[in-house]
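For the sequence shown, the UniProt record's numbering assigns the number 1 to the initial residue and increments by one for each residue that follows. All C-beta atoms in this analysis are idealised placements derived from N, C-alpha and C, irrespective of residue type, glycine included. These figures come from a predicted structure and were not determined experimentally.
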Amino acid sequence: MRWLFSLPLIWMVVAVTSWIIMAAAEDTSEARSCSECHSNATCVEDGAATTCTCRVGFTGDGLECVDLDECSLPGAHDCSANSSCVNTPGSYTCVCSDGFRLSPELGCIDVDECAEPGLSRCHALATCVNGEGNYSCVCPAGYWGDGWHCECSPGSCGPGLDCVPSGDALMCADPCQAHRILDEYWRSAGYGAGYDCDSDLSGWYRFVGQGGVRLADTCVPVLRCNTAAPMWLNGTHPSSDEGIVDRTACAHWSGHCCLWNTPVQVKACDGYYVYNLTAPPECHLAYCTDPSSVEGTCEECSIDEDCKSDNGKWHCQCKQDVNITDFSLLEHRLECGVNDIKMSLSKCQLKNLGFEKIFMYLRDSQCSGFAERGNRDWISVVTPTRDGPCGTVMTRNETHATYSNTLYLADEIIIRDLNIKINFACSYPLDMKVSLKTSLQPMVSALNISVGGTGMFTVRMALFQSPTYTQPYQGSSVTLSTEAFLFVGTMLDGGDLSRFVLLMTNCYATPSSSATDPLKYFIIQDRCPRSQDPTIQVEENGESPQGRFSVQMFRFAGNYDLVYLHCEVYLCDSVNEKCKPTCSGTRFRSGGALDQSRVLNLGPITRKGGQAAVSRAASSSLGFLKVWLPLLLSATLTLMSQ
């Protein structure tokens, strides 16, 4: 019995073993040489036998190998759920499904077509909604379509908008921007008879040209506007705030001003009207314009104003968004100029604060406000940058000069009990120009130079007490000790200061007031400082619109108790000339004559303790001193640049 039970088991073992041997034999075969192996097989020679084995991805006995289709065998590939398996010779690849992208870390991930430009085919107005592996398009409210194509429907657009053709679709748009032009001169109600018919009109239009810019709004006589029965607007034109309004267009014929009629729509835009017109019910009928209508005056409106229509009349009106209720929020503009200070307030905001008539003035009420139209509407007042005019007060410290004033506001000529006052001030860093302007009696000389084609320049020379060049000497003369340094500044005003620089060509002292005195002590000669005198320092020359140098005058100018200073200047074109002097080595006088029309003169400069000599020189030079005694010592000369 035990033997009978074991016999079937033995047969099973034999069968399985035979299958394994046969299966192994399918991938491997013995051959006489490697040349018998298939091209997709490997050959192994161990001395006793030659064995052919199919490569991975292929199946067969080695002598014949065919591709193994991993994609058709369960578990033979590892492609993810969002991809598909593509068989290749000896292998396979995983291709992400549409709407997915391969990520090295995550496999196939969803592509957001809505976030990446160019991937969505949604209509420009549609909303893109991303999904797993796909997306959808949804038309906005008021539009219909499948999302790939969206169109508005009449009456679905918001206030002031209409459903108008745009390309191959209908879109909500403002007819003030989306319209066509009608510019035929014959549309004027003053034009004679004809047989035109507006049977092809449909949509929004604007009338322009000499025939008139708006529909006639009174009954037009027959046989006008180049048609038989003229069409006119039976109703008033809307205001800018009304948006799109419905009206009726009537046609005059056979004694009836409205024998035929058709609906129209009208909208007031910024300075013009647009009309939604349809073909007339009969021919020959055409829309007529009012020849007395002209283009609106809205070209004058500033950015804080709207162009408003009032029964066909256009005018500029302050925008509502500039409305304020708190004076502290009043917009202002302060301009600190070289010669003037200008304070400006927003005209529209003042009107919205209740100032129907605006009276604005400074401490001196003669300096009153004036209107300025430009990019914005302003009411402005101006005061010179001087102490005194318009009530302006100047204060000064070691570094700055400050000009202050007060602006007063009223809505009546008689000032109210409750005045509105706005204090303002401009501060200027002290330099040579500002220092001279803020001094009472600066010792200064000036001349004008006219350069052909570039305008008039003014050159000034002044004497300063310190190397900061911010403390000018005042009065008609300067007294110095033998050891004291004199600081001399020259400066250029007016004209094109971006192009021209000031060059001191020759500066010298003379014992008399005459700049042509044969006895000259040169400080700067041929553009360069006199090298024999170590007390001469030229800080700036030929580099900018100003020049500066210092010198110990009475150590330099010999045994004189009274001298005069003279400087020949030149306006150097920095674009076409080399202006900054090159001063090195031994230099020699060129011998050229001085151009006295370009010479500035200052003096007298006296040595402390040398008053007797000064008196003697003064009595012999009385005529010259009469010229130099005024507060502003200026000589106005004009020359043409060579």
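Query - alanine 229 versus Pro263, Pro281 and Ile181, residue with shortest Cα-Cα distance - result: Translated into positions along the sequence shown, residue 229 becomes position 229. Out of Pro263, Pro281 and Ile181, Pro281 has the C-alpha closest to the C-alpha of alanine 229.
Query raised in the report: Within this structure, are the beta carbons of leucine 68 and cysteine 37 separated by less than 8 Å?
Result: For the purposes of this step, residue 68 is taken as residue 68 along the sequence shown, with counting starting at 1. For the purposes of this step, residue 37 is taken as residue 37 along the sequence shown, with counting starting at 1. Remark: C-beta atoms of leucine 68 and cysteine 37 do not approach each other more closely than 8 Å.
Query raised in the report: Within this structure, are the beta carbons of glycine 211 and proline 291 separated by less than 8 Å?
Result: Numbered from its first residue, the sequence shown carries residue 211 at position 211. Numbered from its first residue, the sequence shown carries residue 291 at position 291. The criterion of a C-beta distance shorter than 8 Å is satisfied by glycine 211 and proline 291.
Query raised in the report: How big is the Cα-Cα spacing for aspartate 364 and glutamine 441?
Result: Your numbering for residue 364 matches position 364 in the sequence shown. Your numbering for residue 441 matches position 441 in the sequence shown. One C-alpha to the other measures close to 24 Å.
Query raised in the report: Given that a residue counts as buried once 16 or more other Cβ atoms are within 10 Å of its Cβ, and exposed if not, what is serine 621?
Result: Within the sequence shown, residue 621 is the residue found at index 621, counting from 1. Summary for serine 621: the model assigns pLDDT 39, below 50, so the residue's position carries little reliability, and this model does not support an answer.
Query - Backbone CA spacing between alanine 251 and tryptophan 144 [nearest angstrom] - result: Counting from 1 along the sequence shown, the entry for residue 251 is found at position 251. Counting from 1 along the sequence shown, the entry for residue 144 is found at position 144. Put simply, the backbone Cα of alanine 251 is about 37 Å away from that of tryptophan 144.
Requested in this report: Please name the residue or residues paired with aspartate 377 in a DSSP beta bridge.
Outcome: Here residue 377 is taken as the residue at index 377 of the sequence shown, counted from 1. In the DSSP assignment, aspartate 377 is bridged to Arg373.
Query - Cut-off 7 Å between Cβ atoms - residues of its own chain near leucine 594, not counting five sequence neighbours on either side - result: Residue 594 sits at position 594 when you count from the first residue of the sequence shown. Only Asn506 and Glu568 meet the Cβ criterion.
Requested in this report: Would you kindly work out how many angstroms separate the C-alpha atoms of residue 652 and histidine 332, rounded to a whole number?
Outcome: The structure shown does not extend to residue 652, since the chain spans only 1 to 642, so no value can be given for it.
**Report entry** Backbone secondary structure at serine 634 - three-state DSSP
**Finding:** Taking the first residue of the sequence shown as position 1, residue 634 is located at position 634. Any reading at serine 634 must be qualified, since the residue scores a pLDDT of 34, below 50, and its modelled position is unreliable; no value is offered.
Query - Residue(s) in a DSSP beta bridge with valine 222 - result: Counting from 1 along the sequence shown, the entry for residue 222 is found at position 222. When DSSP reads this structure, valine 222 sits in no beta bridge, so it has no partner.
Query raised in the report: If you drop the 5 nearest sequence neighbours on each side, which residues of the same chain put their C-beta closer than 6 Å to that of residue 650?
Result: Residue 650 is absent from the model: the chain starts at 1 and stops at 642.
Query raised in the report: Can you round the beta-carbon distance between leucine 565 and glycine 609 to whole angstroms, since I take them to be within the 8 Å contact cut?
Result: The count along the sequence shown starts at 1 and reaches residue 565 at position 565. The count along the sequence shown starts at 1 and reaches residue 609 at position 609. Between glycine 609 and leucine 565 the Cβ distance is about 20 Å, and since that is not below 8 Å, they are no contact.
Query raised in the report: Which whole runs of the alpha helix (DSSP H) in the segment 537-566 are 4 residues long or more, in chain order?
Result: Those alpha helix (DSSP H) runs which fall completely within the segment 537-566 and span 4+ residues are 553-556.
Query raised in the report: Who are the near neighbours of tryptophan 378 in its chain, counting only those whose CB is closer than 7 Å to its CB and skipping five residues on each side?
Result: Position 378 of the sequence shown holds residue 378. Excluding residues within five positions, the ones whose Cβ falls inside 7 Å are Arg333, Ser344, Leu345, Ser346, Lys347 and Glu372.
Query raised in the report: For asparagine 576, which residues does DSSP report across the bridge?
Result: For the purposes of this step, residue 576 is taken as the residue at position 576 of the sequence shown. Paired residue(s): none; asparagine 576 is not in a bridge.
Query raised in the report: Taking the alpha-carbon positions, what's the threonine 479 to threonine 606 distance?
Result: Start at 1 with the first residue of the sequence shown, and residue 479 comes out as number 479. Start at 1 with the first residue of the sequence shown, and residue 606 comes out as number 606. Going from the Cα of threonine 479 to the Cα of threonine 606 covers about 5 Å.
Query raised in the report: Taking DSSP as the reference, what is the three-state secondary structure of glutamine 471?
Result: Stepping through the sequence shown from its first residue, residue 471 is reached at position 471. If DSSP states are grouped into helix, strand and coil, glutamine 471 belongs with coil.
Query raised in the report: Looking at C-alpha atoms only, which residue of His149, Gly107 and Ser476 is the closest neighbour of aspartate 168?
Result: Here residue 168 corresponds to residue number 168 of the sequence shown, with the count starting at 1. A check of alpha carbon separations from aspartate 168 across His149, Gly107 and Ser476 identifies His149 as the nearest.
Query - For arginine 499 and threonine 458, the rounded distance between their alpha carbons - result: Translated into the one-based positions of the sequence shown, residue 458 becomes position 458. Translated into the one-based positions of the sequence shown, residue 499 becomes position 499. Rounded to whole angstroms, threonine 458 to arginine 499 spans 15 Å at the Cα level.
Query raised in the report: Under three-state DSSP, which class holds glutamine 177?
Result: Along the sequence shown, one-based indexing puts residue 177 at 177. Coil at glutamine 177, not helix or strand.
Report task. Keeping to the same chain, check which residues put their C-beta closer than 8 Å to that of glycine 192; ignore five residues upstream and five downstream. Result -> By one-based count along the sequence shown, residue 192 stands at place 192. Leaving aside the five residues that flank glycine 192 on each side, the residues in its chain whose CB is nearer than 8 Å to its CB run, in chain order, Leu223, Arg224 and Asn226.
**Report entry** First and last residue of the uninterrupted beta strand (DSSP E) at methionine 504
**Finding:** Position 504 of the sequence shown, counted from the start, is the residue given in the question as residue 504. Residue range 500-510 is occupied by the beta strand (DSSP E) that includes methionine 504.
Query - 3-residue-minimum beta strand (DSSP E) runs that sit fully inside the segment 70-142, ordered along the chain - result: Look at the segment 70-142 and you find these whole runs of beta strand (DSSP E), each 3 residues long or longer: 83-88, 91-96, 100-103, 107-110, 127-131 and 134-138.
Report task. Give every residue of the same chain whose Cβ lies closer than 8 Å to the Cβ of glycine 190, excluding the five residues on either side of it in the sequence, and list them in chain order. Result -> By 1-based counting over the sequence shown, the position of residue 190 is 190. These residues qualify, in order along the chain: Arg224 and Pro291.
Query raised in the report: Is there contact between the segment 503-517 and the segment 464-473, where contact requires at least three CB pairs shorter than 8 Å?
Result: Result no; under three Cβ-Cβ pairs closer than 8 Å.
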